[in-house]
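Peer 1: Quick one: the structure is below, and I'll ask about it shortly.
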Amino acid sequence: MHGSLYKVSMVNSVFLAVKRIKDWGISESDFQRKIGKVSQVNHPFVLQPLAYYCSRQEKLLAYEYMDNGSLFNMLYKVGMN
Numbered sequence: 000m001h002g003s004l005y006k007v008s009m010v011n012s013v014f015l016a017v018k019r020i021k022d023w024g025i026s027e028s029d030f031q032r033k034i035g036k037v038s039q040v041n042h043p044f045v046l047q048p049l050a051y052y053c054s055r056q057e058k059l060l061a062y063e064y065m066d067n068g069s070l071f072n073m074l075y076k077v078g079m080n
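For the sequence shown, numbering that gives the first Met the number 0 assigns the number 0 to the initial residue and increments by one for each residue that follows.
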């Protein structure tokens with residue numbers, strides 16, 4: 000599921016990473032099925048979604064915000080000394 004990622008500041012000063020899904024062709028039931036599969040993944044390097052929102056026009060996933068850069072940068076040591 001491709002989309003844009005946003006850093007969202009909540010009222011209580013907690014930050015979330017919110018992914019806005021761009022795959023408009025996916026149905027609500029397919030989206031919910033994929034969320035169910037993602038939620039079953041149990042690995043220390045994979046974050047579980049905290050919440051999601053799904054309608055015809057909008058599909059959002061909320062995750063805990065991690066402040067250590069991207070997975071790509073961590074894997075390939077980009078920008079690290």
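Note that CB positions come from ideal geometry on N, CA and C, so glycine has one too.
Touching or not, the region 46 to 53 and the region 20 to 36, by the rule of three or more beta carbon pairs under 8 Å?
Peer 2: Yes, the region 46 to 53 is in contact with the region 20 to 36.
Peer 1: Could you have a look at F44 and say whether DSSP puts it in helix, strand or coil?
Peer 2: Coil at F44, not helix or strand.
Peer 1: From S69, N67, L70, E63, pick the residue whose C-alpha is nearest to that of S12; which is it?
Peer 2: Ranking S69, N67, L70, E63 by Cα distance to S12 puts E63 first.
Peer 1: When we look at the beta-carbon of K58 and count the other beta-carbons within 10 Å, is it buried (16 or more) or exposed?
Peer 2: That one is buried.
Peer 1: Assuming K18 and G2 are in contact, meaning their beta carbons sit under 8 Å apart, how far apart are those beta carbons, in whole angstroms?
Peer 2: Yes, they are in contact, since the Cβ atoms of K18 and G2 sit about 5 Å apart, within 8 Å.
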